[in-house]
Every structure is written in C-alpha cells, then in structure tokens.
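Chemist:
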Amino acid sequence: MGDKKLFKRTLISAALALGFTVTNTASAYDWLMMQGTEPAAASVPAHVFGFVQAGFMKDYSSANATGNVYVPPKLLGPNLDAQSGFNISHAQVGVRGTGFPLDDHINYFVLMEAGNTGLNNTSTGKSGPVMTDASVTLNYIKGARVRVGLFKTPGSDEGMQSTIATTYMDFSEVTNQLLLERFPNAVYTGNILPQTQAQLQASGQPLNGFAKPVGGFRDSGVQVFDSFDMGKDWSLTYAAMIGQGSGIELNNLDGKYDTYLYLATEKNLASTGPANGLKFYVWSQSGQRLADVTNDTVANPQLYKRDRSGFGVDYMARPYRVSFEYISADGMIFEGPDKPSYTFVSTNGSTAKANGWYLDGGWYVPNTKWELDARYDTVDLNTGATDEHTFTKTTLGVQYNFNPKAHVTLNYELRDFKCTASTTACTNANKNLSGVGNKIGMQVTTAF
Amino acid sequence: MPNIFRSIIFVMTSLFMMSVATPALSAGETTFADYKYVLQISDMDPSKQVLVLNNAANLLDAYPPGAVTVEIVAYGPGLRLLFANNIHAKRIDSLSQSGVRFSACNNTLQGMTKQLGYKPKLNPDAVVVPGGVVRIGDLERKGYVYIRP
Numbered sequence: 045m046g047d048k049k050l051f052k053r054t055l056i057s058a059a060l061a062l063g064f065t066v067t068n069t070a071s072a073y074d075w076l077m078m079q080g081t082e083p084a085a086a087s088v089p090a091h092v093f094g095f096v097q098a099g100f101m102k103d104y105s106s107a108n109a110t111g112n113v114y115v116p117p118k119l120l121g122p123n124l125d126a127q128s129g130f131n132i133s134h135a136q137v138g139v140r141g142t143g144f145p146l147d148d149h150i151n152y153f154v155l156m157e158a159g160n161t162g163l164n165n166t167s168t169g170k171s172g173p174v175m176t177d178a179s180v181t182l183n184y185i186k187g188a189r190v191r192v193g194l195f196k197t198p199g200s201d202e203g204m205q206s207t208i209a210t211t212y213m214d215f216s217e218v219t220n221q222l223l224l225e226r227f228p229n230a231v232y233t234g235n236i237l238p239q240t241q242a243q244l245q246a247s248g249q250p251l252n253g254f255a256k257p258v259g260g261f262r263d264s265g266v267q268v269f270d271s272f273d274m275g276k277d278w279s280l281t282y283a284a285m286i287g288q289g290s291g292i293e294l295n296n297l298d299g300k301y302d303t304y305l306y307l308a309t310e311k312n313l314a315s316t317g318p319a320n321g322l323k324f325y326v327w328s329q330s331g332q333r334l335a336d337v338t339n340d341t342v343a344n345p346q347l348y349k350r351d352r353s354g355f356g357v358d359y360m361a362r363p364y365r366v367s368f369e370y371i372s373a374d375g376m377i378f379e380g381p382d383k384p385s386y387t388f389v390s391t392n393g394s395t396a397k398a399n400g401w402y403l404d405g406g407w408y409v410p411n412t413k414w415e416l417d418a419r420y421d422t423v424d425l426n427t428g429a430t431d432e433h434t435f436t437k438t439t440l441g442v443q444y445n446f447n448p449k450a451h452v453t454l455n456y457e458l459r460d461f462k463c464t465a466s467t468t469a470c471t472n473a474n475k476n477l478s479g480v481g482n483k484i485g486m487q488v489t490t491a492f
Numbered sequence: 009m010p011n012i013f014r015s016i017i018f019v020m021t022s023l024f025m026m027s028v029a030t031p032a033l034s035a036g037e038t039t040f041a042d043y044k045y046v047l048q049i050s051d052m053d054p055s056k057q058v059l060v061l062n063n064a065a066n067l068l069d070a071y072p073p074g075a076v077t078v079e080i081v082a083y084g085p086g087l088r089l090l091f092a093n094n095i096h097a098k099r100i101d102s103l104s105q106s107g108v109r110f111s112a113c114n115n116t117l118q119g120m121t122k123q124l125g126y127k128p129k130l131n132p133d134a135v136v137v138p139g140g141v142v143r144i145g146d147l148e149r150k151g152y153v154y155i156r157p
C-alpha cells in the first residue's frame with residue numbers, strides 16, 4: 045500500500061475514532077468499533093464531545109372531518125400537541141477516552157441527552173437530562189473485547205449511526221415503528237382517543253400514553269465484539285450481547301435477558317474518499333417483554349416475545365452513496381403512542397408481526413458543499429391481521445455542509461399511511477389516516 | 009616540544025573530547041543528505057501524532073529522493089507514537105521504509121515501564137536511544153534542523 049493511500053486511511057480512521065468526526069451522511073462506517081473502542085496508543089484521558097440539533101417542522105395533515113380530531117401521525121413528536129414548531133431534537137454532551145493513556149486495555153464512553161426527545165419526554169411529562177450511554181470496554185482478549193454498561197446495541201445501521209451522521213430529521217418508518225422501542229406501562233392503560241385542537245392545547249390530554257422513555261436503540265448489558273483485518277482492505281466485525289431489554293432504564297423487571305447478534309463485513313475504500321466503503325451486515329435481537337394487554341383493573345402482565353432481525357448494505361463512493369436495509373419483527377409491535385398497551389382496535393400488537401425496508405441514496409454535488417438525498421421506506425404492521433397497516437414515506441432532502449462538523453438539512457416528507465385490510469377496523473382507522481399529509485422541516489446539526 | 013607535535017596532540021585531544029561529548033551517529037545513521045530534519049513528538053495530544061507523521065511525509069515529498077534525512081524523536085507522552093500497537097503503526101512502517109528514522113527515548117521507556125509494571129512493546133522500526141532530548145541536541149549539533157510540530 046502506498047504511503048499516501050495509507051496516510052489517508054490512517055488519518056480518516058484516527059479522526060473518526062477520536063471524536064465522531066463523521067462528516068454529514070455516513071455510509072459504511074463501523075459504528076460498533078467507533079463507539080466501543082479508542083484508537084490504540086493515540087487516545088486521551090478525556091475527550092469531550094457532543095451534538096446539538098435544532099430545527100423547525102411543519103405537518104400539513106388535516107384533522108378527521110368527523111369530530112375534527114387529530115391522531116399522533118398528524119402531530120409533531122415528542123410533544124404530540126402541535127403541527128408546527130421549533131424543537132431541540134438533540135443536545136448531547138459526552139466524554140470518552142482512556143483513563144490511563146499508557147494502558148490501552150480499558151476505555152470508557154459516557155453520553156448525556158438534554159434535548160427534547162422521546163428519551164426524556166413521556167406521558168408523565170418532560171424530565172431533565174438523561175444518561176443514554178455509560179460503558180467501559182475491556183480490551184484484554186484479542187478478538188474478544190468486552191463492553192459493559194449502557195450503550196447502543198448491535199443492530200440496524202440506522203439505529204447505530206451517530207447523530208452527526210443523520211441525513212434526515214425523522215427516522216424511516218420501519219425503524220421508528222419496529223426498532224425505536226416503546227415499553228408498555230406496568231398495568232393496562234387504555235387507548236387515548238384522537239384529540240381536538242382544544243383538547244391538545246389543554247393540559248392533561250397527551251397523545252403519548254407511554255410512561256417510560258423510548259429505548260433509543262440502547263440497552264444495558266455486556267457485549268463481546270471485535271473487528272478483524274481480512275486482507276485486501278476487507279474487515280470482519282462481530283458482536284454478541286446479552287442485555288436486560290430495558291432501553292436506557294436500568295432495570296430487569298421481567299427477569300429475562302435479550303440476546304443480540306451482529307455480523308458485518310466491510311470493504312474499506314477510504315483511499316478513494318472519506319468514508320468510502322462497502323458494508324454488508326446482518327443482525328438479530330431476541331427477547332421477551334412484560335405487557336398487560338387485558339382491559340381490566342387487575343395487574344396481570346404476561347411475557348411476550350420480541351424478536352427483531354435484519355440485513356442491509358451500505359455503499360459509499362463519492363459523490364454517490366446508497367443504503368438498503370430490510371427488517372422483520374415478531375412480537376411487541378408498536379401500535380402508536382396513543383396505544384400504550386400495544387392494543388389496536390382488534391389486534392394485540394404484543395403477538396403481531398411486521399416487516400419493512402428502506403432504500404436511501406445520496407449525491408454529493410461535486411465541488412460544492414451541497415448534498416441531495418432521497419429515501420423511500422415502508423413498513424407493514426400487524427401483518428395478516430384485521431387491521432394490517434402500511435406506512436410508506438418518501439423523504440427528499442437537501443443538505444448544505446458548512447464544514448465537516450456542521451450542516452443544515454431541509455427535508456420534505458411525502459407520506460401515505462393506511463390500513464390495508466378490508467375490515468371495519470380498517471375503515472374506521474382510515475378515517476383518521478386518510479388525512480395524514482406531508483411534512484417539511486429544516487434542521488441545523490453541529491458536533492464538537 | 010615542537011609546535012607540530014603540540015598541534016597534533018591538541019587536534020587528537022579535541023577529537024577525543026568531541027567523540028566523548030557527542031555520540032557519533034552509527035554507520036547506518038550516517039547521512040550525506042543535503043537537508044536534515046529532526047522532528048520532536050512529546051505531546052499527549054493524538055493529533056500531534058498525525059501532524060508529526062504528516063511533517064515527515066511532506067519533507068520526503070519536498071526534496072528529491074536521497075536529498076533529505078528525517079528523524080522523529082519520541083519521548084514523554086509522545087513515545088506512545090512508537091508503541092507497537094499504535095494506530096499509525098502501518099504508516100510508521102511505510103515511512104521507515106522510505107528512510108524516516110524513529111528514535112524512542114529510553115528514559116521515558118524506563119519510566120513507563122515502572123508505571124505499567126511491564127515494558128511496553130515498541131514498534132520494530134523504533135531505535136531506542138538513551139535520551140530523547142539528548143538525541144535531539146546531538147542531531148542539532150550535526151546540522152539537523154529542529155522542528156516541533
């Protein structure tokens with residue numbers, strides 16, 4: 045390998061590892077290693093880093109003509125009380141490094157979230173900053189690094205990616221519905237009816253019935269992982285994790301543990317441009333959740349399986365990039381923030397199935413700081429049930445990269461949400477979903 | 009004593025003193041390059057590791073082949089650059105093959121050995137010198153241009 049080629053690769057890998065210096069859209073990054081390790085013999089005792097993401101969104105959905113009421117997809121999260129407004133979707137501060145820099149065997153990662161997100165905005169109100177990550181990695185065994193604590197679980201690329209790498213203001217629907225986990229309340233909580241504007245403006249009428257924070261693609265537990273150089277610029281990364289299945293909440297009420305498996309192989313093309321590469325990955329998550337889906341006053345939660353799996357590919361060869369991921373789900377299908385006990389009108393989401401995928405592409409306009417993006421995503425919820433739903437979204441994006449650590453994003457979402465079964469349940473559901481309109485938003489993201 | 013003998017003794021004594029005071033470069037280190045640079049890396053900051061390697065690469069690029077000699081002297085926290093597992097090890101090897109010399113301070117090495125409880129493994133391209141600062145001084149006296157990125 046020539047020195048210049050090696051120089052580029054080294055510079056990029058070192059820069060990335062030293063502080064999420066991920067520039068705008070990221071494809072083919074090895075998130076597992078970037079977030080769980082520090083560069084050997086080149087780390088610092090404490091590297092302070094963080095992200096701020098602020099933006100404005102407007103939802104053009106119309107109210108259900110019957111009753112002039114709104115359902116959650118027609119409102120902006122996480123508050124779910126308005127159709128336009130400014131929000132701080134992320135305000136994160138973290139510290140990472142190697143406490144004793146002479147010894148590379150141990151590194152740590154801590155991150156706090158102070159933005160207005162599903163991580164700290166629940167049916168019980170908005171809480172203060174929350175700890176989203178706190179982990180220690182032990183690098184004593186070659187080929188089997190051990191990470192302990194709270195951190196992002198090995199899985200979907202969209203879930204694992206860093207805040208600075210996000211191209212779109214909203215997650216794809218398949219990721220939002222199937223992977224951004226909402227945890228059932230301890231006891232049955234009835235569905236929240238669609239709300240009028242007056243009800244939304246009044247206090248005590250939240251459309252989010254979940255008392256616990258969203259999972260944030262995180263869990264607490266122990267992970268064994270590493271990455272191997274396979275030669276010819278190919279690498280192989282694996283991870284196996286056991287977690288509590290409780291997201292950022294440190295509890296294990298059900299006494300059960302989730303298992304996470306991840307395998308990826310990547311062709312490093314960094315010599316041809318920053319972050320260029322080709323990555324194939326496959327993953328699975330398997331666990332159980334306690335849910336009380338019985339509409340009574342008795343606390344009778346039962347265990348339901350929650351399995352997720354997926355595979356995907358990322359390809360980045362500037363000025364082009366493309367990503368595809370397919371995700372399937374069995375059990376604990378989220379039915380909406382207004383249905384906190386996972387119960388739709390006729391479907392118990394706790395036993396339902398779902399699947400979906402997204403295709404995302406981008407073009408970096410040569411010799412400019414502009415980037416054009418487009419993503420199509422779709423998810424089929426409650427597959428085969430009497431109220432099977434399909435949420436489809438096309439997101440068009442324009443991004444201007446001020447510098448490698450700051451960009452502004454303009455998004456326009458075209459949404460088609462519908463209940464697809466020929467049933468009364470779907471007829472009623474579509475009265476609310478037919479008015480789901482498009483969304484537009486602008487957001488500034490910076491990292492430090 | 010004839011003046012000629014006095015002069016010979018004076019010259020020989022001076023040469024002996026110089027040889028004691030200034031360790032000579034070994035045969036493998038002898039350079040006939042027109043341009044000579046010694047680069048210091050002693051910082052904890054990892055970005056300095058990248059910078060000093062960039063400096064070395066740029067110096068090689070700036071002169072015709074064989075016209076420049078570059079030596080990187082690492083001591084203090086900067087010695088981590090020459091740890092065997094350093095993230096830049098491949099690049100160091102590449103630069104070494106291009107002629108860049110890497111010197112590791114033995115004083116620092118001994119100190120780190122005491123802190124760690126074991127001797128850190130160094131990059132095989134690194135040559136241990138008694139002292140990093142002394143090495144820089146020696147090279148400056150040999151006409152090397154001192155650079156601290």
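Chains as they are written, first to last, in the working numbering: chain A, 45 to 492; chain B, 9 to 157.
A virtual CB, placed ideally from N, CA and C, is assigned to each residue, including glycine.
Nothing here was measured: the structure is a model prediction, and the numbers come from that model.
Measuring straight from C-alpha to C-alpha, what distance separates Ser6(B) and Val135(B)?
Modeler: Past the boundaries of the shown model lies residue 6(B); chain B is included only from 9 to 157, so the question cannot be answered.
Chemist: Throw me the rounded Cβ distance for the Asp431(A) and Thr387(A) pair, which I believe falls under 8 angstroms.
Modeler: Wrong, their Cβ atoms sit about 11 angstroms apart, outside the cutoff.
Chemist: Could you please give the first and the last residue of the uninterrupted alpha helix (DSSP H) stretch that includes Asp69(B)?
Modeler: 54 to 70
Chemist: Counting contacts by CB-CB distance shorter than 8 angstroms, is Ser87(A) in contact with chain B?
Modeler: By this cut-off, Ser87(A) is an interface position.
Chemist: Should Tyr359(A) go down as buried or exposed, given a rule of 16 or more other Cβ atoms within 10 Å for buried?
Modeler: buried
Chemist: According to DSSP, His433(A) sits in a beta bridge with which residue or residues?
Modeler: Answer is Leu425(A), Cys463(A).
Chemist: Below 7 angstroms, is the gap between the Cβ of Met101(A) and the nearest heavy atom of the ligand GDP?
Modeler: Within the structure as shown, the ligand GDP is missing, as the structure has no ligands at all.
Chemist: Less than 8 angstroms between the C-beta atoms of Val137(A) and Gly199(A), yes or no?
Modeler: For Val137(A) and Gly199(A), no; Cβs fall outside 8 angstroms.
Chemist: Provide the residue span of the alpha helix (DSSP H) that contains Ala209(A), from first to last.
Modeler: Here Ala209(A) belongs to no alpha helix (DSSP H), and DSSP marks it neither H nor E.
Chemist: Taking 8 angstroms as the threshold (C-beta atoms), are Arg109(B) and Leu61(B) in contact?
Modeler: no
Chemist: Run through chain A and tell me which residues come within less than 9 angstroms of Arg109(B), C-beta to C-beta.
Modeler: Ordered by position in chain A, no residue passes the 9 angstroms Cβ test against Arg109(B), which lies about 16 angstroms from the chain.
Chemist: If the cut is a Cβ gap below 8 angstroms, which residues of chain B does Pro145(A) touch?
Modeler: Met52, Pro85, Arg88
Chemist: Let me confirm a value: Ile185(A) is counted as buried when at least 16 other C-beta atoms fall within 10 Å, else exposed. Which label applies?
Modeler: exposed
Chemist: Give the secondary structure of Gly151(B) by DSSP, where H, G and I count as helix, E and B as strand, and everything else as coil.
Modeler: The DSSP-derived three-state label of Gly151(B) is coil.
Chemist: Just mark Ala75(B) as buried or exposed, buried being the case when its beta carbon has 16 or more other beta carbons within 10 Å.
Modeler: exposed
Chemist: Is it right to say Ser264(A) is buried, meaning 16 or more other beta carbons lie within 10 angstroms of its own, or is it exposed?
Modeler: buried
Chemist: In this structure, how does DSSP classify Ala242(A) when only helix, strand and coil are distinguished?
Modeler: helix
Chemist: Can you find at least 3 beta carbon pairs, one from the stretch 78 to 96 of chain B and one from the stretch 45 to 65 of chain B, that sit closer than 8 angstroms?
Modeler: By the Cβ rule, the stretch 78 to 96 of chain B counts as touching the stretch 45 to 65 of chain B, because three or more pairs are nearer than 8 angstroms.
Chemist: Starting from Leu117(B), trace the alpha helix (DSSP H) both ways and give me its first and last residue.
Modeler: For Leu117(B), the enclosing alpha helix (DSSP H) starts and ends at 114 to 124.
Chemist: Measure from the alpha carbon of Thr493(A) to the alpha carbon of each residue in Val174(A), Ser394(A), Gln443(A), then state which is nearest.
Modeler: As displayed, chain A neither begins before 45 nor continues past 492, which places residue 493(A) out of reach and without an answer.
Chemist: Of all Cβ atoms in chain A, is any one closer than 8 angstroms to the Cβ of Pro157(B)?
Modeler: no
Chemist: Show which residues of chain B have a CB atom less than 7 angstroms away from the CB atom of Asp148(A).
Modeler: Asn93
Chemist: Could you name the residues of chain A that Gln57(B) contacts, counting a contact when the two beta carbons are closer than 7 angstroms?
Modeler: Ala86
Chemist: Assign Asn495(A) to one of two classes, buried (16 or more other C-beta atoms within 10 Å of its C-beta) or exposed (fewer than that).
Modeler: This structure leaves residue 495(A) out entirely; chain A is present only between 45 and 492.
Chemist: With a threshold of 16 other CB atoms inside 10 Å of the CB of Ser102(B), please say whether the residue is buried or exposed.
Modeler: buried
Chemist: Report the neighbours of Leu147(B) on chain A: residues whose CB is nearer than 8 angstroms to its CB, in chain order.
Modeler: Against chain A, the beta carbon of Leu147(B) has no neighbour under 8 angstroms; the closest one sits roughly 23 angstroms away.
Chemist: Whose C-alpha, out of Ser279(A), Leu280(A), Arg365(A), is nearest the C-alpha of Asn504(A)?
Modeler: Since the first residue shown for chain A is 45 and the last is 492, residue 504(A) is missing from the structure and cannot be characterised.
Chemist: Please go through the same chain and pick out, in chain order, the residues whose beta-carbon is closer than 6 angstroms to the beta-carbon of Gly331(A), but skip the five residues on each side of it.
Modeler: Gly289, Asp302, Arg350
Chemist: Nearest to Gly380(A) by CA position, among Asn296(A), Met175(A), Leu251(A), is which residue?
Modeler: Ranking Asn296(A), Met175(A), Leu251(A) by Cα distance to Gly380(A) puts Leu251(A) first.
Chemist: Taking the Cβ atom as the reference point for each residue, do Ala135(A) and Asp270(A) lie within a distance shorter than 8 angstroms?
Modeler: Remark: C-beta atoms of Ala135(A) and Asp270(A) do not approach each other more closely than 8 angstroms.
Chemist: What whole-angstrom Cβ distance do Trp327(A) and Gly354(A) have, given they're in contact under 8 angstroms?
Modeler: 6 angstroms
Chemist: What residues from the stretch 100 to 126 of chain B come within 8 angstroms of chain A, judged by C-beta to C-beta, listed N to C?
Modeler: Ser102, Leu103, Ser106, Met120, Gln123, Leu124
Chemist: Assuming Asn164(A) and Gly172(A) are in contact, meaning their beta carbons sit under 8 angstroms apart, how far apart are those beta carbons, in whole angstroms?
Modeler: Contact between Asn164(A) and Gly172(A) holds, since their C-beta atoms are separated by about 7 angstroms, short of 8 angstroms.
Chemist: Buried or exposed, going by whether 16 or more other CB atoms sit within 10 Å of the CB of Gly299(A)?
Modeler: exposed
Chemist: Suppose you measure from the CA of Ala35(B) to the CA of Glu415(A); what does that come to, to the nearest Å?
Modeler: Note that Ala35(B) scores 44 on pLDDT, short of 50, meaning its location in the model is unreliable; the coordinates nonetheless yield the value given after this. Rounded to the nearest angstrom, the two C-alpha atoms are 56 angstroms apart.
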